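Sequence order for the protein chains is U and V. Going by numbering that gives the first Met the number 0, the first residue of the first sequence is number 0, and it counts up by one from there. Going by numbering that gives the first Met the number 0, the first residue of the second sequence is number 0, and it counts up by one from there.
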Amino acid sequence: MSSNYGEFEAIIGLEIHCQLNTKTKLFGREPNNFGAEPNANIGFVDTGQPGALPVINEEAVKKAVRFGLAVGGKIREISYFDRKSYFYPDCPFNYQITQFYKPIIDGGSITCDVDGEQMHFTIEHTHMENDSGKLVHFPDFTGVDFNRSGAPLIEIVSDPCIRSPRQASAYASAIRSILLYMNCSDCNMQEGHLRMDANISVRLKGEKELRPKAEIKNMNSFHNMELAIEAEIQSQISFYRKNPDKRIKTGTYRFDLEKQKTILMRAKETANDYRYFPEPDLPPLVLEPSFIKEIKESLPELPVAKKERFIHTLGLSKYFADLLVDDKLLCDYFEEGQKICKNPKAYCNWLVVEFAARANEINKHIKELQIPPKHVAELVNLIESGRITGKMAKEIADLMCKNPNLSPEAIASSDERFKPMNDTSALELIIEKIVTDNPESIADYKDGKDKAFQFLVGQVMQKTKGTASPPLVREILLKKIGE
Amino acid sequence: MFTLSATDIVKKFKAKEISAVEITAAFLDRAEKENLGSLLSVLRTRAMKRAKDLDEKFLSGKSVGALAAVPVIIKDNIMIDGEICTCGSRFLENYTATYDATVIKDLENEDAIIIAKSNMDEFAMGSSTATSAFKRCDNPWNTDYTPGGSSGGSCAAVAAGLAPISLGSDTGGSVRQPAAFCGIYGFKPTYGRVSRYGLVAFASSLDQIGPFARNIDDLALINEVIAKPCQKDSTSIQTPAEKTSKTLSGSIKGLKIGSPTDMLEGLHPDILSAYNAFINTCKELGAEIVNISLPHNKYSVPVYYILAPAEASTNLARFDGIRYTKRSSNAKSLAEVYELSRSEGFGNEVVQRILLGTYVLSAGFQDAYYRKAQKVRAKICEDFEIAFKTCDVIAFPTTPFPAFKHGSITDPVAMYKQDIFTISANMAGLPALSIPSGFTKEGLPIGIQVQGAQMEDGKVLNVAKAFESKTNYHTMRPSEKGVSL
């Protein structure tokens with residue numbers, strides 16, 4: 000996807016609505032769960048009963064603050080809630096409780112990798128608000144499911160600092176990663192935990208003023224968002240090429256995936272006047288500096304810092320570091336086992352190559368294999384110590400997948416097959432023969448070619464059907480070559 | 000029996016002179032027979048069951064609550080689980096509450112027997128109970144007159160002896176003004192002192208549930224039961240309240256009473272005399288009178304009629320014909336469900352205030368109306384802060400005029416001006432009490448209001464306790480004035 004728009008440039012801002020993974024709703028005390036029977040998790044507040052009053056959920060506030068601190072935003076010690084009025088059947092009070100004038104978090108920034116280039120994006124503000132219910136359409140009527148009504152959301156509003164669809168999705172992915180690692184949200188896209196609105200305008204390069212913008216609402220896939228933004232940019236550019244003196248209509252659009260086109264839903268002239276004013280049922284949200292400090296001190300490691308650590312401290316490649324950090328489940332799995340593993344690099348390899356492949360074969364995530372992470376680490380430790388060979392380890396890994404409760408140690412000691420060839424005199428005989436049979440390799444090795452040595456080790460392993468302990472093989476081989 | 004105070008009923012019940020079932024049955028019978036239009040529903044089944052349970056509990060030797068066997072009437076904008084709650088509106092004619100308001104739980108925890116829900120102005124919007132969608136409510140002193148509003152039903156009922164105590168709600172004077180019109184006590188506690196959970200919101204930042212009673216001890220007793228911290232109301236005061244039934248000394252010696260002399264122009268002459276008499280009595284009781292000024296009070300009516308409708312326009316948005324309110328049978332589209340249900344469901348006064356509130360919050364008008372009104376509200380609060388530096392409480396009439404005849408005020412602005420002396424206490428969240436303080440030449444009651452600084456509810460009630468010891472206005476009953484039920 001090209002971000003080269005000729006004489007034009009695109010100006011994009013994202014609003015990301017994130018559903019927080021709190022136990023209960025933002026203002027009521029009903030469970031905040033997905034997938035229950037319609038209207039199972041509802042209460043007086045979330046169905047808008049007369050006389051019901053909102054009471055703020057402290058867990059939600061903590062999660063919002065945690066996100067704010069993670070992106071380096073300023074946490075307001077006093078923020079306010081406001082009523083946003085509009086009539087819709089899924090909105091039980093016919094107003095949403097949001098933070099329009101003084102949101103909980105001001106500013107913040109995101110640094111992420113966009114196609115190999117480190118880029119910096121800024122966040123305008125982040126505010127808290129409650130989610131609406133959902134309309135469910137049937138052939139002859141429409142119902143409202145209020146389960147989601149009152150679910151806590153934070154809305155993360157970027158500055159108009161994004162210039163291409165790729166940047167937009169890189170920014171959004173980085174936000175998602177932070178939300179996951181801060182345990183603010185489960186970020187399940189299918190369940191709508193992240194919903195994105197994009198504000199898009201284009202202008203001639205060098206132009207100072209912003210032109211009218213189109214807002215594409217409610218996207219829940221990064222890929223589709225890229226397609227939608229690109230389609231809208233192209234549509235605006237082609238409009239301005241044909242009508243250089245005219246301007247597009249500001250309005251709300253939706254993306255039609257089949258037609259690959261954005262479609263106008265509501266022009267600005269008919270837009271709502273939301274009549275924002277302070278929510279009188281909620282006093283100002285006052286956060287003590289000690290409350291913020293406590294959250295700050297307990298902040299988990301940020302994904303960017305984690306990647307850095309994997310690369311520089313553990314010695315992983317950037318590829319593997321990205322792979323791990325971008326899959327939080329896998330990364331958590333890695334980190335747990337890594338604590339007891341002697342060789343993080345080998346352990347990572349075993350995890351993302353060997354075990355991931357075995358999980359993949361049966362369409363599962365590695366976590367679903369139910370193998371405790373420390374077992375994988377122990378397997379690597381067994382190889383490291385020469386207790387088993389790599390070949391044996393592969394077989395043991397197969398058995399671990401079948402019997403997730405068995406430790407590699409237990410499997411290895413249960414069968415003679417997994418006993419390495421520790422008979423030094425027998426091994427010496429084999430190695431002597433290989434040294435004699437391969438004078439060119441010896442010469443190459445002596446010329447400094449490491450590969451020749453690896454070849455000789457391979458020969459030994461072949462001869463011993465993989466039962467020789469590689470460290471022992473290396474030791475004897477070096478001794479024999481030296482003679 | 001119907002002239003007994005709540006305190007006396009508790010005593011007689013505890014002395015086993017009379018059972019809860021007997022008390023309850025007597026009050027229910029009376030309520031069903033003749034009630035001046037003060038009641039919208041009589042909760043016979045619920046009340047009799049609770050009375051029976053209470054008798055059994057008492058006979059089994061268990062301890063009983065502070066309001067044991069006392070019949071209580073509740074304004075019909077407060078939720079009682081399983082009972083209809085109409086708010087005086089056709090829109091909620093069939094709405095059954097699904098939970099108890101905090102005050103209902105508090106009352107029933109103390110073994111009060113709730114016998115009826117009372118008539119009110121629709122959604123508490125009015126000053127004469129005349130905007131009720133259901134029936135007219137009469138003033139027990141003279142049925143040609145209004146009992147005031149919006150809590151006219153709860154007030155008239157207590158004045159007429161249908162119950163010794165009741166609850167109303169006060170957003171701009173809706174407890175105090177009817178109390179003055181009907182010659183009983185009506186109290187608006189400090190904002191946040193009584194939980195609003197389960198009170199149908201009119202203007203959230205001004206609404207406060209408050210009690211009616213015929214004597215100060217009863218008022219202090221019920222106030223103590225309902226004035227508590229509540230976890231379900233974020234605006235509830237979280238510190239415990241003082242035990243007003245025990246702390247009232249009846250002595251106001253040395254108390255500084257502020258008198259805003261600049262506000263006394265244009266009063267009904269009998270009210271001015273009653274006010275002067277009130278002040279003199281307080282002096283005799285040892286209080287010191289201090290002249291104070293509340294210069295922004297004159298703006299309180301226009302400010303109120305911007306802020307209260309603004310909040311109401313959103314609070315009443317939930318009544319939309321979608322979930323529980325009546326849906327118009329003529330609606331053929333979503334837009335019509337909203338438009339027709341709301342125009343059929345709401346009465347004129349309510350529609351007028353929703354339109355007003357929507358207008359003052361609209362883009363382009365919010366600065367000129369809503370925000371400016373907020374600034375004036377802050378000025379009104381400032382007046383009180385300054386005043387309370389020189390005095391402990393403030394006293395002035397509850398209303399500029401006594402009760403008026405049904406239908407005699409048709410101009411809405413003239414009606415709104417009824418609240419000129421009561422609104423500012425809601426603006427500033429102050430405790431304010433209307434005290435029975437005399438009668439006009441025509442025999443209509445007069446109320447004098449005492450206001451205190453926030454959280455000084457006990458100080459306010461104590462002024463009444465002292466005044467009551469020197470006067471007998473609170474003992475006057477309508478029947479003695481020749482107006483029979």
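Virtual Cβ for every residue (Gly too), placed ideally from N, Cα, C. Computed from a predicted structure; not experimentally measured.
List the residues of chain U whose Cβ lies closer than 9 Å to the Cβ of G428/V, in chain order. By Cβ distance, chain U contributes nothing, its closest Cβ being about 12 Å from G428/V, past 9 Å.
Is S423/V close to chain U? Criterion is C-beta to C-beta, closer than 9 Å. no
Measuring only the C-alpha atoms, how far is S1/U from V359/V? Because the pLDDT of S1/U is 45, which lies under 50, any placement of that residue in the model is unreliable, and the question is left without a value.
Kindly indicate the opening and closing residues of the alpha helix (DSSP H) around T389/V. 371–389
Which of the three DSSP states is assigned to D272/U in this structure? coil
When DSSP labels each residue in this structure, what does L203/U get in the three-state scheme? strand
Length of the line joining the Cα atoms of E109/V and I215/V: 19 Å
Do three or more CB pairs link the segment 317–326 of chain V to the segment 433–450 of chain V at distances below 8 Å? Contact fails: fewer than three Cβ-Cβ distances are below 8 Å.
Taking the alpha carbon of E214/U as the reference point, which residue from L455/U, K248/U, E296/U, N3/U has its own alpha carbon closest? Comparing alpha carbon positions, the residue from L455/U, K248/U, E296/U, N3/U closest to E214/U is K248/U.
For a contact meaning CB atoms closer than 7 Å, what does L360/V contact in chain U? R274, F276
Give a yes or no on contact between the segment 161–174 of chain U and the segment 135–151 of chain U, applying the rule of three or more CB pairs nearer than 8 Å. no
By the three-class DSSP mapping on this structure, what secondary structure does L484/V have? Residue placement at L484/V cannot be trusted, given a pLDDT of 48 that sits under 50; what the coordinates show is reported in the next sentence. The answer is coil: DSSP assigns L484/V none of H, G, I, E or B.
Compare the C-alpha of F12/V against each of V41/V, V63/V, P444/V, L35/V and name the closest. V63/V
Excluding the 5 residues flanking S168/U on each side, which residues of the same chain have their C-beta closer than 7 Å to its C-beta? F221, M224, E225
Just confirm the distance between the C-beta atoms of R29/V and F1/V, as a whole number of angstroms; I'd bet it's less than 8 Å. 7 Å
In chain V, which residues lie with their C-beta within 7 Å of the C-beta of Y79/U? The premise fails here: Y79/U is roughly 13 Å from chain V at the closest Cβ pair, so nothing lies under 7 Å.
Any contact of the segment 140–150 of chain U with the segment 98–109 of chain U, i.e. 3+ C-beta pairs under 8 Å? no
Please check if any C-beta of chain U sits within less than 9 Å of the C-beta of G197/V. yes
Extent of the continuous alpha helix (DSSP H) to which V113/U belongs: It is not in any alpha helix (DSSP H) - V113/U instead sits in the beta strand (DSSP E) that spans 108–113.
Give the interface partners of P282/U over in chain V, defined as CB-CB distance under 8 Å, in chain order. Within chain V, the residues near P282/U are S233, T234.
Is F318/V close to chain A, meaning its C-beta is less than 9 Å from at least one C-beta of that chain? Annotation note: the requested chain A is absent from the structure, which comprises protein chains U and V.
What does K194/U pair with, by DSSP beta-bridge criteria? First, the amino acid is wrong: residue 194/U is Arg here, not Lys. Looking at the DSSP output, R194/U shares a beta bridge with H16/U.
Rounded to whole angstroms, what is the Cα-Cα separation between H473/V and C154/V? 14 Å
Taking the beta strand (DSSP E) that G320/V belongs to, which residues open and close that run? Unbroken run through G320/V: none, as it is neither H nor E.
Are G167/V and S204/V close, meaning C-beta to C-beta below 9 Å? Not in contact: G167/V and S204/V (Cβ atoms no closer than 9 Å).
So Y493/V is in the alpha helix (DSSP H); what residue range does that whole segment cover? There is no way to answer for residue 493/V, as the model of chain V reaches only from 0 to 484.
Under the rule that 16 or more other beta-carbon atoms within 10 Å means buried, what is S483/V, buried or exposed? Confidence at S483/V is low in this model, with a pLDDT of 48, below 50, so the placement of that residue is unreliable and no value is reported for it.
Would V285/U pass as an interface residue toward chain V - the criterion being a Cβ-Cβ separation below 9 Å? no
Would DSSP call F309/U helix, strand or coil? Here F309/U sits in helix by DSSP.
May I have the straight-line CA-CA distance separating L443/V from F403/V, to the nearest angstrom? 9 Å
Can you name, in chain order, every residue of its own chain whose Cβ lies under 7 Å from the Cβ of D45/U, other than the five neighbours on each side? Result list for D45/U: K24, G27, E29, P91, F145, S148, G149, in chain order.
For the segment 448–464 of chain V against the segment 388–403 of chain V, do three or more pairs of beta-carbon atoms, one drawn from each stretch, fall closer than 8 Å, so that the two count as touching? yes
Three-state secondary structure (DSSP) at R165/U? Helix, per DSSP.
Close beta carbons around K216/U, own chain, < 7 Å, minus the five adjacent residues each side: D196, T251, R253
Taking its Cβ as the centre, do 16 or more other Cβ atoms sit within 10 Å of E479/V, making it buried, or is it exposed? Bear in mind that the predicted position of E479/V carries a pLDDT of just 49, short of 50, making it unreliable; the figure below should be weighed with that in mind. Exposed, because fewer than 16 other Cβ atoms sit within 10 Å of the Cβ of E479/V.
Runs of alpha helix (DSSP H) lying entirely within the segment 138–207 of chain V, each at least 4 residues, in chain order: 151–158, 175–181
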